[in-house]
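Quick note: the sequence shown, position 164, residue 164 per full-length UniProt numbering, numbers continuous. C-beta: ideal position from N, C-alpha, C; glycine also. All of these numbers come straight from a predicted model, not from anything done at the bench. Down below is the structure, laid out as structure tokens.
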Amino acid sequence: MALYDVFGVGNALVDIQARVDDALLRELSLDKGIMTLVDDEQQSGVLSRLDGRPLNRCAGGSAANTIVALAEFGGSAGFIGKVGGDAIGEFFLKDMSDLGVSIQVTPADQPTGTCAVLITEDAQRTMLTNLAASTSLGPEDIDEHKIASSKYVYVEGYLLTGETTKAAAYKAFELAQKHNVKVAFTASDPFLVNLIRDEIWDLITGPVDLFFCNEEEAKSLTGETDALRCAVKIHEHCENVALTLGGKGSIVMHGGEEFPIEGVKVDAIDTTGAGDMYAGAMLYGITNGLDWRTSGHLASHAAARVVAQLGARLDRKFTKEEIEDLSRLTD
């Protein structure tokens, strides 16, 4: 029997979230709504401008956020990443452990990575990411026993941008196939899709059993302009597809069928982690006895709930009764 529903592999970062106005973005010469990679000095300069503002800090990174979401639903989860032997790294480990997530981490000589998330009144998030220690994740860090003890391994696409992190991702794919463990993979970013489109096609045609993407990523990958046509085209290559459409909902493809999932109307405050939350709820559903349609509805409701608050974690958790109600709605 599997010890873990899902074991995630990704960049281990500490998210530092703050509400700001557009004027600060202009002063810092930042492109609004965009994720930018920065070095230690640049990140320190930005964080110094946040002194005195209310800050929300939590263990983060794309795959880590998804694993946290699954754990908060009550799923059994693990995570492989890389942090530094510093106070921020200790915070990351404790934060994840307190949520019941099994952590597989070898401390690096570099400082722990951070992501400054600047949230404006229109709910747009402008992110500055300093990967730092997370870039040292390598194939030697991937624990075969942990992978073999999981129902799914979940890998974030961001890992494919670095030489050693890519090797770690492919090691996880290899071990998952060796032990008949399902593979879930997220496209992560439209820029990444444009950069390595052929490689992503190879992955979703090969080891990937479940592919997560948003509408922009799907259009970039397929060259189609219609979201449903995108989903169908990807499903011709990949067994399962979850394509998110923002407030319009999502499309889930499974077993040759399409499941249109309605959007949930909310007043968006912060879109940070919406896709990660969607993936976590979906993975919780399919590894804990829910069918694919119900899992899609749960994921849609979870993503809507998280954008209506500040931060990538749910302030109000889903109850068993709420999940059961969603199951009855899709019967």
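- Segment contact: the segment 98 to 114 against the segment 317 to 324, fewer than three CB-CB distances shorter than 8 Å; contact not assigned.
- Nearest C-alpha to T126 among G33, H179, K151 and A63: G33.
- In the three-state scheme derived from DSSP, where H, G and I count as helix and E and B as strand, M277 is classed as helix.
- Following the DSSP letters along the chain, one finds D22 inside the alpha helix (DSSP H) bounded by residues D22 to E27.
- A straight line joining the alpha-carbon of V68 with that of G255 spans about 28 Å.
- By the Cβ rule, the segment 2 to 12 counts as touching the segment 66 to 80, because three or more pairs are nearer than 8 Å.
- Excluding its 5 nearest sequence neighbours in each direction, C230 has C-beta neighbours in its own chain below 7 Å: A218, K219, T222, E224 and L243, listed in chain order.
- Counting C-beta pairs with one atom in each stretch, the segment 274 to 293 and the segment 131 to 146 have fewer than three that are closer than 8 Å, which means they do not touch.
- Take the alpha-carbon of K248 and the one of E215: they are about 10 Å apart.
- Where K151 is concerned, the enclosing beta strand (DSSP E) starts and stops at S150 to E156.
- Secondary structure in the segment 90 to 143: the beta strand (DSSP E) runs of 3 residues or longer, each lying completely within the stretch, are 102 to 105, 113 to 119 and 125 to 130 in chain order.
- Sequence-distant Cβ neighbours of E90 in its own chain, meaning closer than 6 Å and more than five residues away, do not exist here.
- For the set L228, H235, F191 and C213, the Cα lying nearest the Cα of G206 is the one of H235.
- Around the beta carbon of S300, 16 or more other beta carbons sit within 10 angstroms, so the residue counts as buried.
- For V6, the CB contacts under 6 Å within the same chain, skipping 5 residues up- and downstream, are L70, A77, Y152, Y154 and L283 in chain order.
- At the C-beta level, G296 and S250 come within 8 Å of one another.
- For E262, there is no enclosing beta strand (DSSP E), as DSSP gives it neither H nor E.
- Going by C-alpha positions, M253 is about 32 Å away from D15.
- The DSSP-derived three-state label of I16 is strand.
- Apart from the 5 residues on each side of it in sequence, D267 sits with its Cβ closer than 8 Å to the Cβ of A308 in its chain, given in chain order.
- Contact annotation: D202 and N130 have beta-carbon atoms that are not nearer than 8 Å.
- Only residues of its own chain outside the window of five on either side were considered, and among them V9, G10, N11, L137, T165, K166, A168 and A169 have a CB closer than 8 Å to the CB of L159, listed in chain order.
- Per DSSP, the continuous beta strand (DSSP E) segment holding L210 begins and ends at L210 to N214.
- At the C-beta level, N56 and Q17 come within 8 Å of one another.
- Distances from the alpha-carbon of L329 to those of L298, A304, A302 and A132 put L298 closest.
- Collapsing the DSSP output to three states places H145 in a helix.
- In this structure, the beta-carbon distance from L314 to I269 does not fall below 8 Å.
- Taking L290 as reference, the option from F259, Q43 and E324 with the minimal CA-CA separation is E324.
- With fewer than three CB-CB distances shorter than 8 Å, the segment 91 to 103 does not count as touching the segment 175 to 193.
- In the three-state DSSP reduction, D5 falls in the strand class (E or B).
- Per the C-alpha coordinates, the member of I88, E163, P54 and A302 positioned closest to V264 is A302.
- Going by C-alpha positions, L13 is about 24 Å away from A176.
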